[in-house]
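So the structure is just underneath, and the comments pick up after that.
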Amino acid sequence: MFSNLKYNKVESDDDDAGERSIYSSGPTKGTFYGIIALFFLSNTITYYIASSDFIPNDYNRDISPHAGLTRDFPFPLGTHSPYVDKNETLRNEMWEAISIDAGMIAVPEPFVSDKNLPPSQKLVWDKSKSVYLLNGHHTLRCVRAVYLSLMEFWQGKLQSRRWEHVIHCVDQLRQEAICNADDTPRYSTADDIPVSGMGQVRLCRNWEKLEEWAKKYNSCYRYVNQTASYKEFPQIERFIWCPEDSPYKEAVEQVFGHVEW
Numbered sequence: 322m323f324s325n326l327k328y329n330k331v332e333s334d335d336d337d338a339g340e341r342s343i344y345s346s347g348p349t350k351g352t353f354y355g356i357i358a359l360f361f362l363s364n365t366i367t368y369y370i371a372s373s374d375f376i377p378n379d380y381n382r383d384i385s386p387h388a389g390l391t392r393d394f395p396f397p398l399g400t401h402s403p404y405v406d407k408n409e410t411l412r413n414e415m416w417e418a419i420s421i422d423a424g425m426i427a428v429p430e431p432f433v434s435d436k437n438l439p440p441s442q443k444l445v446w447d448k449s450k451s452v453y454l455l456n457g458h459h460t461l462r463c464v465r466a467v468y469l470s471l472m473e474f475w476q477g478k479l480q481s482r483r484w485e486h487v488i489h490c491v492d493q494l495r496q497e498a499i500c501n502a503d504d505t506p507r508y509s510t511a512d513d514i515p516v517s518g519m520g521q522v523r524l525c526r527n528w529e530k531l532e533e534w535a536k537k538y539n540s541c542y543r544y545v546n547q548t549a550s551y552k553e554f555p556q557i558e559r560f561i562w563c564p565e566d567s568p569y570k571e572a573v574e575q576v577f578g579h580v581e582w
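Just add 321 to wherever you are in the sequence shown, counting from 1, and you've got my numbering.
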């Protein structure tokens, strides 16, 4: 397989670079065995990291400032999930099912003051509460919007979302990467198709715990009629989906009647 390898001149834009040799002579038997050994070593490292429970012991277990979440949830990077499944129907169903409803919270004024939050809109059913969208849920909504837009393009369908919103979401993902400045060293391999970090375990915050915390501040929100403009669909009608134990349910029913949860 190496018989045709020979010296090649590589052109360079650098006048001082001169000629560089890719192979000045044919490989020796030792070189061949060395390449084979590196191949098996690379694959062994990939398998070990992907299948082990390795967790860095000096990982920063910082506490989130609002929900009090710690980085105590082991999560392997890049492993297969239904969100990348080759079955397009299943994959689309998973992305469609993503919900950000719990992330629209209504918090009391003491919470706003204590956390030094900027002013926000008041909850229509209780003016002592202010409405905020949790950043994690906003990011998740953006990832979902970008995926759906890509699938519509892939399938030759008309775009259901405003192009400006899709671009906003792409930039939101860029900002999240810059803001988090994640310094996790992802392992890499020398395979023909290089692998980076697949199966490598990180310590993350638990998303389910965030959702549980957010439920304490439920705002009766549901992200319905997602592609409609505010003129086509009044924003208030997204704040009428109260659970049975909601303190706002009676106020909602006085205006909209019974709303099936």
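Backbone N, C-alpha and C define an ideal beta-carbon position, used for all residues, glycine too.
| Check | Outcome |
| --- | --- |
| Helix or strand or just coil, what does DSSP make of Val445? | coil |
| From His579 to Arg559, what distance separates their C-alpha atoms? | 14 Å |
| Can you list, in chain order, the residues of its chain with a C-beta nearer than 7 Å to that of Leu455? Leave out the 5 residues immediately preceding and following it. | Gly424, Ile426, Ala535 |
| Ignore the nearest five residues each way along the sequence and tell me which others in Arg465's own chain have a CB closer than 7 Å to its CB. | Trp416, Ile419 |
| List the endpoints of the continuous beta strand (DSSP E) containing Cys525. | 522–525 |
| Lys436 by DSSP, collapsed to three states: which one? | coil |
| Quick check on the DSSP output: the beta strand (DSSP E) that includes Val516 runs from which residue to which? | First-last for Val516: undefined, no H or E at that position. |
| DSSP three-state call for Pro568: helix, strand or coil? | coil |
| Residues in the same chain with beta-carbon distance under 7 Å from Thr365, minus the five sequence neighbours each way, listed in chain order, please. | In this predicted model, Thr365 has a pLDDT of only 40, less than 50, meaning its place in the structure is not dependable; the value taken from the coordinates is given anyway. Excluding sequence neighbours, Thr365 sits near nothing in its chain. |
| At the level of alpha carbons, what is the spacing between Leu444 and Glu409? | 39 Å |
| Quick one: what's Ile426 bridged to in DSSP? | Tyr453, Asn539 |
| Among the residues of its own chain, which have a CB less than 7 Å from the CB of Gln521, if the five just before and after it don't count? | Ile370, Pro397, Leu398, Arg507, Tyr508 |
| Ordered along the chain, which non-local residues of its own chain (more than five positions away) have a Cβ less than 8 Å from that of Thr349? | Unreliable placement is indicated for Thr349, whose pLDDT of 48 sits below 50; the coordinate value is still reported in the next sentence. Same-chain partners within the cutoff: there are none. |
| Of all the options Gln496, Thr400, His387, Ile421, which has the alpha carbon lying nearest to the alpha carbon of Asn642? | Residue 642 lies beyond the range of the chain shown here (322 to 582); nothing can be said about it. |
| Confirm, please, whether the CB-CB distance from Pro564 to Ser527 is below 8 Å. | The question names Ser, yet the displayed sequence has Asn at residue 527. No, they are not a contact pair. |
| May I have the straight-line CA-CA distance separating His401 from Met519, to the nearest angstrom? | 9 Å |
| Using the beta-carbon count (16 or more within 10 Å), is His458 buried or exposed? | buried |
| Please name the residue in Pro439, Gly477, Cys463, Ala502 whose C-alpha comes closest to that of Gln493. | Cys463 |
| With distance defined between alpha-carbon atoms, name the residue in Asp566, Leu531, Glu571 nearest to Asp422. | Leu531 |
| Go through its chain and collect everything with a Cβ distance to Ile384's Cβ below 8 Å, but skip five positions before and after it. | Leu390, Thr391 |
| Does Ile499 pass the burial test, meaning 16 or more other C-beta atoms within 10 Å, or should it be called exposed? | exposed |
| State the start and end residues of the unbroken beta strand (DSSP E) segment that holds Pro386. | Counting along the chain, Pro386 falls outside any beta strand (DSSP E), and DSSP gives it neither H nor E. |
| So what does DSSP say about Pro431, is it helix, strand or coil? | helix |
| For Arg588, collect the residues of the same chain with a Cβ closer than 7 Å to its Cβ; drop the 5 residues on either side in sequence, then sort them by chain order. | There is simply no residue 588 to check, as the chain begins at 322 and stops at 582 in what is shown. |
| Bridge partners of Ser509, per DSSP? | Ser517 |
| Quick check on the burial criterion: 16 or more other C-beta atoms within 10 angstroms. Buried or exposed for Ser470? | buried |
| Buried or exposed: where does Ser451 fall if 16 or more other Cβ atoms within 10 Å of its Cβ makes it buried? | buried |
| For the beta strand (DSSP E) holding Phe394, just list the boundary residues, first then last. | 394–397 |
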